[in-house]
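Chain order of the listed sequences is A and B.
Here the first sequence stands for residues 1 to 340, where the numbers follow this note's numbering.
Here the second sequence stands for residues 1 to 356, where the numbers follow this note's numbering.
Cβ atoms here follow ideal geometry from the backbone N, Cα and C, with glycine treated the same way.
Being a predicted model, the structure only gives us computed values, none of them experimental.
Remarks on the structure that follows.
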Amino acid sequence: MSKTVLIIGGGVAGLEASGVLSKLGYTITIVEASDRIGGKLNRWANLFPTQRPAEEVLNYLKFQLDPNTSIITNTKIDDISLGKTQVSATLSNGNCIQADAVLVSTGFEFFDARKKEEYGYKIYENVITSVDLEQIFKDGKELKTSQGKTPKRIGIIHCVGSRDEKVGNTYCSKVCCVTGVKQAIEIKERIPSCEVFNFYMDLRMFDRHFEDIYKKAQVEHHVQFIRGRLSEAFENPDGSVMIKVEDTLLGKPMKMNLDLVVLMVGFVPSSSSVFLKKGLQLETGNDGFFTPADEHYKTVCSNQKGVFFAGACTGPKTIENTITEARAAALEIATYLNQN
Amino acid sequence: MLQEGKQALWKEYQKEIADNRYFYVRSCVRQNFFPASEATFLKIITEELGKDIYEHPSHTSCSGIGYHTDVIPFETTMTMVARQFALMTEAGYPNLVPSCITSFGLYTEVLDTWHHFPEVEARVREHLRKATGREFEKPANIAHASDIIFKLRNEIAAKAKHKLVNHITGKTLRGVEHIGCHYSKMFPQKGIGGAEYPYVLIGMIEAWGGEVVDYPERRHCCGFGFRQYLVKANRGYSVASSKKKFESMEPYKPDFILTNCPGCPYFLDRWQYAIAEMEGTTYGENGMGIPVLTYEELAGLVLGYDPWDLGLQVHQVSVEPLLDKMGISYNPSSKYVGKNGKFLGVPFKPNTLKVC
Ligand code: SF4
Chain A
1 MSKTVLIIGG GVAGLEASGV LSKLGYTITI VEASDRIGGK LNRWANLFPT QRPAEEVLNY
61 LKFQLDPNTS IITNTKIDDI SLGKTQVSAT LSNGNCIQAD AVLVSTGFEF FDARKKEEYG
121 YKIYENVITS VDLEQIFKDG KELKTSQGKT PKRIGIIHCV GSRDEKVGNT YCSKVCCVTG
181 VKQAIEIKER IPSCEVFNFY MDLRMFDRHF EDIYKKAQVE HHVQFIRGRL SEAFENPDGS
241 VMIKVEDTLL GKPMKMNLDL VVLMVGFVPS SSSVFLKKGL QLETGNDGFF TPADEHYKTV
301 CSNQKGVFFA GACTGPKTIE NTITEARAAA LEIATYLNQN
Chain B
1 MLQEGKQALW KEYQKEIADN RYFYVRSCVR QNFFPASEAT FLKIITEELG KDIYEHPSHT
61 SCSGIGYHTD VIPFETTMTM VARQFALMTE AGYPNLVPSC ITSFGLYTEV LDTWHHFPEV
121 EARVREHLRK ATGREFEKPA NIAHASDIIF KLRNEIAAKA KHKLVNHITG KTLRGVEHIG
181 CHYSKMFPQK GIGGAEYPYV LIGMIEAWGG EVVDYPERRH CCGFGFRQYL VKANRGYSVA
241 SSKKKFESME PYKPDFILTN CPGCPYFLDR WQYAIAEMEG TTYGENGMGI PVLTYEELAG
301 LVLGYDPWDL GLQVHQVSVE PLLDKMGISY NPSSKYVGKN GKFLGVPFKP NTLKVC
């Protein structure tokens, strides 16, 4: 009988690792809390930096899955513990699973923008998040204000829930800058006459092609980038949003009226992290993300034998890095299972 | 504006407010600015609602204004606060009720500092012992006076003689509120409704039949902002802040402004006169200003107290339009008659701002 691997989380990391492990001959069970596999890709229309449809990557991930993979959706893990060589999990559907290794690929959650109270998400009608905007794009809907008008001026606010001591998240979420640039371009492609302003602290265009789309946003689409952090937002009588922000390059505070405000929400650890940390006796950093056995050369290993990590459960990551990491985790798991 | 969003937030920011046995500490400036507010508070709490409240004749300023303007070091401030606690301990009252939001913020800050740095508390106890021979217990509960009125708002509503409704048209009266910076901006969890969408005054207005509008510059400073006003050269900032607020609230045509802090009603009231004289701009109906009230004054009006007993004649902006809407009868000829029956004199009429 082949050895078994339990994968907790059926998002990008879990699916990719599952595909590789199946090819290596292991029996895989994926437990997914939501009603479908694919994670956040299900909610995304197009991916940075190339604007390729998210569906393409999702299809690839599903396609490379082994048909014998056991996928259990709508299910949470109620109890989990480590034995000498095995991990035992009790599922919310009442079933029990024994596995020879476990991959934690629980990903991340989006920062709840309501916590940034002064920005008025879910209070001011024309304040939405990057996730809401992406859903509008995905649904193929027209971008309108809550009053049903085509917006003439949109502000994209970077670092919402990231790099912010006030909300307790001091880390950078890595991908929201480039998402902000991508979404700015997509707004301009749909409504060329709309003025788009990105308010940023600094732009983290670290990966290949990122600088290219940043340039494209400015040169081809005339997106305006203003270095400054939003202090607060208010709703005007007509439903538009007045923001207060400092332009730190000019050294001046400014007020601006916007028809729509888009908050670039960052990553926060998955809510299951606390539970898994306890059950599997794992380590997390001050930021709540899991800590790998070594930050440089054992990024997919945990402090526990037989427990591995892949993807954003150890911190914000791009899809590309998540997929690479998932493959690394699969190989690490295979090595571990061969040795045991 | 999505009310459900606000209501969800309000639920998160509840606080414990003591039921009875209050030790009241007055503001150092309110008695000059709005002389009857504190007396009205005591009257409501004792005569209307039968609570036990005590004020000690020897209590002093909390030194908050000095502290926030960097004139008094924090160590001294903490020792003065410790002395207030000692008076409270000696009087046998467990629950502190400051009348001023700066005091409220400061007491909260001092207790928070001691919570995180017990050695500082020990040092302050030693300072107080050496200076006065006094010891103290920390308050079991601290609530700003407006928190108490908020807690008792429905009891007040049950005794209401007047509602925040236009008695002729039946239209709900519309208020805007200004919370004051030190109420919850420093410690959001200590303010009803938190820092960004505080509920303490809204709860009162709603309980008394009125409606509240959220205007874009609601969070902006009233214009007091200690340094803006206390440093004479900065007073332009002060009036500019108030002006920004008036311009922002004007489109909503509020019937009144309700305030929480000693400084806010003063600046929002007096600067309406100053702006009218400087620029010829007025913000109320028919060339008048928007009436500005403290929460005690509004509670007093709702309970049917005589407007002149509430000290409303010392407001710069006439309150009569609001009284007329609420159907409150008043005697114009006794407006400037003092409590001792002596005529106080009629103030000069402003050139631009219309007054009654
Ligand atoms: S990627 Fe950009 S927007 Fe996101 S947290 Fe980092 S700096 Fe802020």
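Quiz item: What's the call for B:MET278, buried or exposed, on a 16-neighbour Cβ count within 10 Å?
Solution: exposed
Quiz item: In or out: A:TYR297 buried (at least 16 other Cβ within 10 Å) or exposed?
Solution: exposed
Practice problem: Determine, using beta carbons only, whether B:SER329 and B:VAL355 come nearer to each other than 8 Å. | Solution: no
Exercise. Identify the continuous beta strand (DSSP E) that holds A:LYS244 and give its terminal residues.
Key: Residues 241-247.
Quiz item: Could you give the distance in angstroms between the alpha-carbon of B:ARG129 and the alpha-carbon of A:SER302?
Solution: If you take the alpha carbons of B:ARG129 and A:SER302, they lie about 55 Å apart.
Exercise. Closer than 8 Å, Cβ to Cβ, to anything on chain A: give me those residues from the region 5-19 of chain B, in chain order.
Key: GLY5, LYS6, ALA8, LEU9
Exercise. Please check if any C-beta of chain D sits within less than 8 Å of the C-beta of A:ASN126.
Key: Of the protein chains in this structure, namely A and B, none is chain D.
Self-check item: the region 128-145 of chain A / the region 58-78 of chain A touching (three or more Cβ pairs under 8 Å)
Solution: no
Quiz prompt | Cβ shell of B:ILE17 (< 6 Å), same chain only, five flanking positions each side left out | solution = Counting only Cβ-Cβ distances below 6 Å, and skipping sequence neighbours, we find ALA143, ASP147, LYS151.
Self-check item: For A:MET205, three-class secondary structure by DSSP
Solution: coil
Exercise. List the residues of chain B whose Cβ lies closer than 8 Å to the Cβ of A:ILE123, in chain order.
Key: MET1, LEU2, GLY5, LYS6, LEU9, TYR197
Quiz item: Is the shortest distance between the beta-carbon of B:ARG174 and the beta-carbons of chain A less than 8 Å?
Solution: no
Quiz item: Could you give the distance in angstroms between the alpha-carbon of B:PRO188 and the alpha-carbon of A:GLY19?
Solution: Put simply, the backbone Cα of B:PRO188 is about 49 Å away from that of A:GLY19.
Quiz prompt | Test item, CB below 7 Å from any non-hydrogen atom of the ligand SF4 | solution = That gives A:HIS158, A:CYS159, A:SER162, A:ARG163, A:CYS172, A:SER173, A:LYS174, A:VAL175, A:CYS176, A:CYS177, A:GLY180, A:TYR200, A:MET201, A:ASP202, A:LEU203, A:ARG204, A:MET264, A:GLY266.
Quiz item: How about A:PHE111: is its C-beta nearer than 8 Å to some C-beta of chain B?
Solution: no
Exercise. Determine the chain A residues that contact B:GLY180 at a beta-carbon separation under 8 Å, and present them in chain order.
Key: Result: empty, since nearest Cβ-Cβ is about 17 Å, beyond 8 Å.
Quiz item: Using a C-beta to C-beta distance shorter than 8 Å, which residues of chain A count as neighbours of B:PRO251?
Solution: Those within 8 Å of B:PRO251 in chain A are PRO237.
Exercise. Output yes or no for whether 8 Å exceeds the beta carbon distance between B:GLY180 and B:THR281.
Key: Result no, Cβ atoms of B:GLY180 and B:THR281 do not sit closer than 8 Å.
Quiz item: When the distance is taken between beta carbons, is B:GLU285 closer than 8 Å to B:LYS245?
Solution: no
Practice problem: With DSSP collapsed to three states, give me the class of B:GLY238. | Solution: Checking the sequence, you will find Ser at residue 238 of chain B rather than Gly. Helix at B:SER238.
Quiz item: What's the call for A:SER162, buried or exposed, on a 16-neighbour Cβ count within 10 Å?
Solution: buried
Exercise. List the residues of chain B that A:GLU117 touches, going by C-beta distances under 8 Å, in chain order.
Key: LEU9, GLY194, ALA195, GLU196, TYR197
Quiz item: Roughly how many whole angstroms lie between the Cα atoms of B:LEU322 and A:PHE210?
Solution: Note on geometry: alpha-carbon atoms of B:LEU322 and A:PHE210 lie some 60 Å from one another.
Exercise. Show which residues of chain B have a CB atom less than 8 Å away from the CB atom of A:MET256.
Key: Residues of chain B passing the Cβ test: none, with the nearest at roughly 12 Å.
Quiz item: Name the chain B residues that come within less than 7 Å of A:MET242, Cβ to Cβ?
Solution: Under the 7 Å cutoff, chain B gives PRO216.
Quiz item: Checking contacts by CB at 8 Å: is A:GLU232 closer than that to chain B?
Solution: yes
Quiz item: Name the chain A residues that come within less than 7 Å of B:ARG219, Cβ to Cβ?
Solution: The answer, in chain order, is GLU232.
Quiz item: Buried or exposed: where does A:MET264 fall if 16 or more other Cβ atoms within 10 Å of its Cβ makes it buried?
Solution: buried
Practice problem: Please report how far the alpha carbon of A:ASN364 lies from the alpha carbon of A:VAL196, in whole angstroms. | Solution: For residue 364 of chain A there is no data in the structure shown, the boundaries of chain A being 1 and 340.
Quiz item: With contact counted as at least three CB pairs below 8 Å, one residue from each stretch, are the region 183-198 of chain B and the region 221-229 of chain B in contact?
Solution: Counting C-beta pairs with one atom in each stretch, the region 183-198 of chain B and the region 221-229 of chain B have fewer than three that are closer than 8 Å, which means they do not touch.
Exercise. Following the continuous beta strand (DSSP E) through A:LYS252, name the residue where it begins and the one where it ends.
Key: 252-258
Quiz prompt | Cα-Cα separation, A:VAL307 to A:LYS122 | solution = C-alpha separation (whole angstroms): 39 Å.
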